[in-house]
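**Student:** So for the first sequence, our numbering puts the first residue at 10; every next one is plus one.
Have a look at this one.
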Amino acid sequence: MKRIIAPKGTKDIFLPEIEKWQYIEEKIRGYFPRFLYKEIRTPIFEYSELFQRGIGTETEVVQKEMYTFKDKANRDLTLRPENTASVVRAAIENDLFNRVYPLRFFYIGPMFRYDKPQKGRFRQFHQFGVEVFGDESAQVDAEVIYSSYDFLKEINIKDIQLHLNSVGCENCRPKFLRDLEAEAEKKKNDLCIDCQRKIHTNPLRIFDCKNLKCIEISNDFPKIIDYLCEECGSHFEDVKSTLSIFKVKFDINSRLVRGLDYYTKTAFEISSNQLGAQDALLGGGRYNNLVKELGGADISGMGFAAGIERIILQLDDAKSKKGKMIFIAYQSLPLMNKAIQLAKSLWDKGYRAYVDYNSKNLKKQLKKANKIGIDYTFILGEDEIVTKSISIKNMKDYEQITIKQEELDKWLKNNI
RNA sequence: GUGAGUGUAGCUCAAUGGUAGAGUGUCGGUCUGUGGAACCGAAUGUUGGGGGUUCAAAUCCCCUCACUCACCCCA
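Here it is as structure tokens:
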């Protein structure tokens with residue numbers, strides 16, 4: 010019979026790695042509420058139109074990478090490729106803009122993109138991120154950037170760089186785009202085929218190209234920084250100066266362009282040089298028109314999304330601070346029932362205990378306990394039953410003591 | 001979507017075109033009230049799948065599938 014395996018680009022997460030997942034999820038839930046973010050959970054699929062309108066029909070994500078399907082009532086649905094559009098939709102639909110203050114949300118969950126898998130890239134992957142609505146200040150941009158940067162340091166991620174840029178707004182970007190397009194058109198024949206195509210569809214993304222020739226040519230192209238209108242320019246200056254208050258180091262990268270269409274003004278990315286080709290740990294920026302675009306009021310947005318798989322690639326082994334484990338061993342089969350009773354009483358009190366029902370002798374059980382990594386083994390033998398006691402063996406240092414059964418609670422309290 | 005590399009035991013990997021192996025893990029024993037060692041023994045494979053060349057294919061050729069990395073794109 011043919012073996013069924015997990016679909017391409019998906020994976021099962023279990024033993025040692027799952028501890029890192031639990032660790033990072035705990036940290037996220039512990040960290041972001043500091044800034045008064047509240048968790049939000051949105052559906053894993055949405056109407057396809059949400060992403061088409063939200064992310065932009067010209068984007069690579071929408072054109073090539075979405076898991077789109079029809080349900081039985083012929084609804085056009087898509088597995089979410091990112092979470093910002095959903096959060097905005099949820100906020101509009103539930104009128105959260107008038108009900109929740111401050112308008113700050115964080116999320117954790119799976120996203121789906123039909124990409125070819127490679128290091129740090131999966132078809133089902135996980136992101137966490139934050140969204141702030143209705144705050145147009147440059148200071149909040151800096152705070153969001155700071156929190157993302159500081160969070161990575163909090164969980165001990167090393168060798169990270171913060172790249173910063175401004176992509177302008179509807180007032181200054183068009184002029185820039187026109188000049189850029191004109192300039193690119195002049196050099197058209199020297200650009201790669203992909204970039205030639207982008208000239209008229211999305212010229213900003215020429216800056217994304219990794220082709221050395223294209224990089225060289227586009228270095229002489231107009232830079233958005235030089236085109237920023239007064240408002241965008243001073244906003245950008247304020248972001249930078251506030252970042253210095255937060256003592257965050259950054260570099261200005263005029264080539265930085267976010268892949269989704271909704272970004273305005275501030276754009277940023279944190280990358281790591283310990284990763285492979287997919288080196289962006291997180292990215293985000295300001296999106297002042299998305300809420301309106303999706304049918305809401307004229308409310309601004311600012312946020313970021315981080316790739317959990319990529320962070321985990323860089324995470325040191327999480328030290329699990331779980332409770333200690335107890336193995337209950339019986340000397341001979343007739344005593345197994347006593348072991349079960351003892352185990353039940355431990356479980357009832359919330360301790361982690363294990364009985365092996367399949368071992369005939371004590372030796373086997375100790376061997377198994379050792380393999381599991383047990384901390385203490387309780388031994389029940391004829392002697393212990395007669396004297397109403399329990400022998401407790403410390404599996405780490407070989408020490409063994411015998412205590413009276415009525416002393417057990419006290420021992421547990423002191424040692425587990 | 002494009003390209004390159006790799007598929008052999010649960011895991012890590014050997015095997016000039018000539019009997020499919022080792023280490024490790026698993027199970028049992030030496031050892032019936034005491035685990036990390038040692039020694040002895042056992043089980044496990046359609047060599048990813050299909051086709052072809054050959055007296056003979058894990059090995060060469062073709063197709064296909066999967067995984068990995070890179071391009072692309074992005075978190």
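Glycine included, C-beta positions come from ideal geometry on N, C-alpha and C.
Quick check: what's the CA-CA separation for D188 versus E152?
**Tutor:** Taking the first residue of the first sequence as 1, we reach residue 188 at position 179. Taking the first residue of the first sequence as 1, we reach residue 152 at position 143. Each residue's Cα considered, the two are about 33 Å apart.
**Student:** Does N424 pass the burial test, meaning 16 or more other C-beta atoms within 10 Å, or should it be called exposed?
**Tutor:** The residue you call residue 424 lines up with position 415 of the first sequence. Label assigned to N424: exposed.
**Student:** Nearest CA to the CA of A82: which residue from K373, R38, K376, Y56?
**Tutor:** The residue given as residue 82 occupies position 73 in the first sequence. Checking every option, the nearest Cα to that of A82 belongs to Y56.
**Student:** Which partner residues of D85 appear in the DSSP bridge assignment?
**Tutor:** To locate residue 85, count along the first sequence from 1; it is residue 76. D85 is bridged to K79.
**Student:** Does the Cβ-Cβ distance between Q283 and D168 come in under 8 Å?
**Tutor:** Against the first sequence, residue 283 aligns to sequence position 274. Against the first sequence, residue 168 aligns to sequence position 159. Contact: yes.
**Student:** Taking the C-alpha atoms as reference points, what is the distance between H135 and I412?
**Tutor:** Mapped onto the first sequence, residue 135 falls at position 126. Mapped onto the first sequence, residue 412 falls at position 403. Taking the straight line from one Cα to the other gives about 49 Å.
**Student:** Please check the pair I224 and A193, which I expect to be a contact at CB under 8 Å, by giving their CB distance rounded to whole angstroms.
**Tutor:** Translated into the one-based positions of the first sequence, residue 224 becomes position 215. Translated into the one-based positions of the first sequence, residue 193 becomes position 184. I224 to A193, Cβ: 13 Å. No contact.
**Student:** Suppose you measure from the CA of R98 to the CA of G63; what does that come to, to the nearest Å?
**Tutor:** As a first step, residue 98 is located in the first sequence; it is residue number 89 there, counting from the start. As a first step, residue 63 is located in the first sequence; it is residue number 54 there, counting from the start. Answer to the nearest angstrom: the Cα atoms are 9 Å apart.
**Student:** Do you know how far the Cα of E302 is from the Cα of R319?
**Tutor:** For this step, residue 319 is matched to residue 310 along the first sequence. For this step, residue 302 is matched to residue 293 along the first sequence. Roughly 31 Å separates the two Cα atoms.
**Student:** Report the three-state DSSP secondary structure of R295 (helix, strand or coil).
**Tutor:** Counted from its first residue, the first sequence places residue 295 at position 286. Three-state result, R295: strand.
**Student:** Specify the secondary structure class of Q136 as computed by DSSP and reduced to three states.
**Tutor:** As a working mapping, residue 136 is identified with position 127 in the first sequence. Three-state result, Q136: strand.
**Student:** What residue does the alpha helix (DSSP H) around A147 start on, and which one ends it?
**Tutor:** Within the first sequence, numbered from 1, the residue matching residue 147 stands at position 138. Here the alpha helix (DSSP H) through A147 covers 147-163.
**Student:** Quick check on DSSP: helix, strand or coil for E190?
**Tutor:** Stepping through the first sequence from its first residue, residue 190 is reached at position 181. Looking at E190 - three-state DSSP - the assignment turns out to be helix.
**Student:** So, at 6 Å on beta carbons, what are the nonlocal neighbours of L59 in its own chain, with the 5 sequence-adjacent residues on each side left out?
**Tutor:** Within the first sequence, residue 59 is the residue found at index 50, counting from 1. Excluding positions up to five away in sequence, the list reads A94, R98.
**Student:** Let me check one thing: in DSSP terms, what residues is H172 bridge-paired to?
**Tutor:** By one-based count along the first sequence, residue 172 stands at place 163. In DSSP, H172 forms a bridge with D260, E278.
**Student:** Just how far apart, CA to CA, sit L105 and F137?
**Tutor:** Reading the first sequence from its first residue, position 96 is the one you call residue 105. Reading the first sequence from its first residue, position 128 is the one you call residue 137. The alpha-carbon atoms of L105 and F137 are separated by roughly 20 Å.
**Student:** Is the beta carbon of F431 sitting closer than 8 Å to the one on Y76?
**Tutor:** Outside the displayed span of the chain (10 to 425) sits residue 431, for which this structure offers no information.
**Student:** From this set, L186, Y271, N220, which residue's C-alpha is nearest T210's C-alpha?
**Tutor:** Translated into the one-based positions of the first sequence, residue 210 becomes position 201. Nearest C-alpha to T210: L186.
**Student:** Compute the beta-carbon to beta-carbon distance between T87 and F114, rounded to the nearest angstrom, for a pair I have assumed lies under 8 Å.
**Tutor:** If you number the first sequence from 1, residue 87 lands on position 78. If you number the first sequence from 1, residue 114 lands on position 105. The Cβ separation is near 21 Å, so there is no contact.
**Student:** Terminal residues of the continuous beta strand (DSSP E) containing E55?
**Tutor:** For the purposes of this step, residue 55 is taken as residue 46 along the first sequence, with counting starting at 1. Unbroken beta strand (DSSP E) run through E55: 54-56.
**Student:** Along the beta strand (DSSP E) that carries Y363, what are the first and last residues, could you check?
**Tutor:** In the first sequence, residue 363 corresponds to position 354, counting from 1. Element bounds for Y363: 361-364.
**Student:** Run through the DSSP bridge pairs and tell me what N403 is partnered with.
**Tutor:** Counted from its first residue, the first sequence places residue 403 at position 394. Note: N403 sits in a beta bridge opposite Y385.
**Student:** My understanding is that Y271 touches G65, with C-beta atoms under 8 Å, so please give their C-beta distance in whole angstroms.
**Tutor:** Residue numbering aside, residue 271 sits at position 262 when the first sequence is read from its first letter. Residue numbering aside, residue 65 sits at position 56 when the first sequence is read from its first letter. About 7 Å; that satisfies the 8 Å criterion.
**Student:** Suppose contacts are defined by Cβ-Cβ distances below 8 Å. Is L237 in contact with C181 by that definition?
**Tutor:** As a working mapping, residue 237 is identified with position 228 in the first sequence. As a working mapping, residue 181 is identified with position 172 in the first sequence. Yes. Within cutoff.
**Student:** Between the C-alpha atoms of R12 and M404, what's the straight-line distance to the nearest angstrom?
**Tutor:** What you label residue 12 is simply residue 3 of the first sequence in a count that begins at 1. What you label residue 404 is simply residue 395 of the first sequence in a count that begins at 1. Rounded to the nearest angstrom, the two C-alpha atoms are 40 Å apart.
**Student:** Since I335 contacts I410 with CB under 8 Å, what's their CB separation in whole angstroms?
**Tutor:** Your numbering for residue 335 matches position 326 in the first sequence. Your numbering for residue 410 matches position 401 in the first sequence. I335 to I410, Cβ: 14 Å. No contact.
**Student:** Please classify A276 as buried or exposed, where buried requires at least 16 neighbouring CB atoms within 10 angstroms.
**Tutor:** Looking up residue 276 in the first sequence gives position 267. That one is buried.
**Student:** Which partner residues does I64 have in the DSSP bridge list?
**Tutor:** Residue 64 sits at position 55 when you count from the first residue of the first sequence. DSSP lists no partner for I64.
**Student:** Could you pull out every residue in the same chain whose Cβ sits closer than 7 Å to the Cβ of G304, ignoring the five residues on either side in sequence?
**Tutor:** Here residue 304 refers to the residue found at position 295 of the first sequence. I101, listed in sequence order.
**Student:** Tell me where the alpha helix (DSSP H) around K222 begins and ends.
**Tutor:** Indexing the first sequence from 1 puts residue 222 at position 213. It spans 221-227 - the alpha helix (DSSP H) in which K222 sits, taken as one unbroken run.
**Student:** Tell me, please, which residues DSSP counts as bridged to S398.
**Tutor:** As a working mapping, residue 398 is identified with position 389 in the first sequence. In DSSP, S398 forms a bridge with K413.
**Student:** If you reduce the DSSP assignment to three classes, tell me which class A286 lands in.
**Tutor:** Translated into positions along the first sequence, residue 286 becomes position 277. Three-state DSSP puts A286 in coil, outside helix and strand.
**Student:** Terminal residues of the continuous beta strand (DSSP E) containing K113?
**Tutor:** For the purposes of this step, residue 113 is identified with residue 104 of the first sequence, where counting begins at 1. In the sequence on display, residue 113 carries Arg and not Lys. That run of the beta strand (DSSP E) goes 113-121.
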